[in-house]
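Each number in the working numbering corresponds to the 1-based position in the sequence shown with 20 added.
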Amino acid sequence: LHDHKASRLVLFCGNFGVLLLNPSWLSIDGGRTALDVLEKMVNVTMMRGAQSGGVVTFEPTKFTRSKGETVADSAPPSLRGVRSRVVNAKRTDLSKKVRGKVVQDNCERLTGNLRGFDKPEYTVNTGGGRLVRGFFGHTRFATSSKATFDGTHPHQWSRRREYNIFPFSSSSANNTCSGPRRMGVENYITHNGDFEFYKCNGKYYDVEVVQKWLENVLQVPMPAAVDSAAIAGVIDLLRTQGSFALSL
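Right under this line is the structure:
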């Protein structure tokens, strides 16, 4: 959309997200206000596509047992992705359906609070707060395929797997003999547009060829025939930093 009065161009692409940098977004009301904002984001992006939508967030695989317990100073906790996707019906509101699925997958049943909202992993003042809660999503209008559940973003090709990861940063550069950490690796993507071909070694390959190739090199069956899922597979193939198993 072009705003002639302000002389600016506003692009609506269907991707949205929120990072809860201030832990108060979680501690004050268990994350309900943050979910209100997320629902409004879905509602706005529905103008360019409201056939289906989804959100992914990340949380520790294991929370501390009590509020008074502190987070270890050594390494941040291992994370896992939680993906929530829905296909809209003819007379339903996609923003409310997406929020309902996020609540179902990420909130405590009795209280409605986001899991871990009062845990030290997130609350800086009570024990570390190494993590920032984030939600990342997409609403879809199927342009070249049917509006199906498996075609709904966020997309993932390979499921979460654990690998030995060798960290290397400015803080660890002086200690090159530090051992690896066992970490879970998983990738999710949301995007807008078409993935019709991929260039490798100066040659272009159609997405159908790329999909078959990904099944062979990743040893994972194609999760969906839509082109966007192939982007997730390419990310699995390229994102290898710190892992010898994934790099070789």
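Positions of the beta carbon are idealized from the N, C-alpha and C atoms, including for glycine. Because the structure is a prediction, the values reported are computed rather than measured.
- Item | Straight-line Cα distance separating valine 246 from cysteine 127 | 30 Å
- Query: Rounded C-beta distance between glutamate 206 and arginine 179? I'm assuming under 8 Å.
  - Reply: 7 Å
- Message: Using C-beta distances below 8 Å, list every residue in its chain close to histidine 211, excluding the 5 sequence neighbours before and after it, in chain order.
- Response: Asn35, His158, His173, Ser248, Ile251
- Item | C-alpha distance - proline 243 paired with phenylalanine 215, whole-angstrom precision | 16 Å
- Sequence ranges, beta strand (DSSP E) only - wholly within the segment 195 to 259, length at least 3: 201 to 205, 217 to 220, 223 to 226
- Message: On the criterion of 16 or more Cβ atoms from any shown chain inside 10 Å, does aspartate 226 qualify as buried, or is it exposed?
- Response: exposed
- Item | Length of the line joining the Cα atoms of lysine 219 and valine 230 | 10 Å
- Reference glutamate 182, options Val240, Ser98, Val76, Phe217, closest by Cα: Ser98
- Please report how far the alpha carbon of threonine 65 lies from the alpha carbon of valine 75, in whole angstroms. 13 Å
- Task: Take the Cβ of proline 200 as the centre, count every other Cβ of all protein chains shown within 10 Å, and call the residue buried at 16 or more, exposed below.
- Result: exposed
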